[in-house]
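One structure below.
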Amino acid sequence: MNILRVGVLSLFASMAFSPQSAQAQTTDDGNGNYGSSESSNGRSGDFDLDRKNKTRLTDPDDIAARLTDIRLHCGPAELYVIDCLAERLEALERDMIGLARYGDARRILRDTASQLRQITQDNLDQERPKARLASADGNFRSSRPLSAVSAAQKRRAISQAVAVLAEAETQLLRSAEASAGRAVQYQQIAAALGSNKVLLRSS
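Here it is, written out as structure tokens:
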């Protein structure tokens, strides 16, 4: 999917990464769970249900591809990039629910996403509004609004996030050693997740 074309980048703030508006306000219930006020006309719920049905994985070989595609989604995210990566890992982990015998991979991705969200909170830009990532053609949007780290803390936050990905990569490779029948898939997942360190360092 061609999520964010070069020609759209100049309109990034208003189109690809839009702050929450009164018409599409998303609220946090205090437990990290988000709900949208768009549900009054049913459109938001229909969109999210349709997205889940289309993105749910049935082939474990698709996990690595989804991890690689994160760069297409989060590349232009700048100060939101760490939380964008966390959100994409959360979405992927949920979409793996139908894949039997990949519990270790799901756990590692879930824990990694949680750590990345915590890094964002620890380095949060209190003045910058939450924003929802969306494709220019409207076929994709993030499952929740994203938070930004402060510019002053960005370098530190990126360094912490890179370390989290490196640790997750190591854990996945250990799982590969313990899962002979799925070793190749785990190695591919580890490499694809680790490739997002380049995304973080280039942000």
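Here the sequence shown stands for residues -24 to -1, 1 to 179, where the numbers follow mature numbering (1 follows the signal peptide of the UniProt record, and there is no 0).
Cβ coordinates follow ideal geometry from the N, Cα and C atoms, glycine included.
Check: Per DSSP, what kind of secondary structure is A112 in: helix, strand or coil?
Finding: coil
Notebook entry, point to check: Taking the continuous alpha helix (DSSP H) assigned at Y78, which residues delimit it?
Noted result: Note, Y78: premise wrong, no alpha helix (DSSP H); not H, not E.
Next item on the list: Flag this pair as yes or no: are the beta carbons of L68 and L85 separated by less than 8 Å?
Entry: The answer is yes: Cβ separation under 8 Å.
Next item on the list: Check whether the region 79 to 94 touches the region 136 to 150, counting contact only when three or more Cβ pairs, one atom from each stretch, lie closer than 8 Å.
Entry: yes
Next item on the list: State the DSSP-derived secondary structure class of L33, mapped to helix, strand or coil.
Entry: coil
Check: Hey, quick one: how far does the alpha helix (DSSP H) through L141 stretch, first residue to last?
Finding: Where L141 is concerned, the enclosing alpha helix (DSSP H) stretches over 130 to 154.
Item checked: Counted within 10 angstroms of its Cβ, other Cβ atoms place A105 as buried (16 or more) or exposed -> The amino acid at residue 105 is misidentified as Ala; the sequence shows Pro. Per the 10 Å Cβ criterion, exposed.
Check: Which residue or residues does DSSP assign as beta-bridge partners of V125?
Finding: V125 is bridged to L100.
Next item on the list: Name the one or two DSSP bridge partners that R86 has.
Entry: BP columns for R86 are empty, so no partner.
Next item on the list: Under the assumption that N125 contacts N99 (Cβ atoms under 8 Å), give the Cβ distance between them as a whole number of angstroms.
Entry: Asn is not the amino acid found at residue 125; the sequence shown has Val there. Sure, about 4 Å apart at Cβ, within 8 Å.
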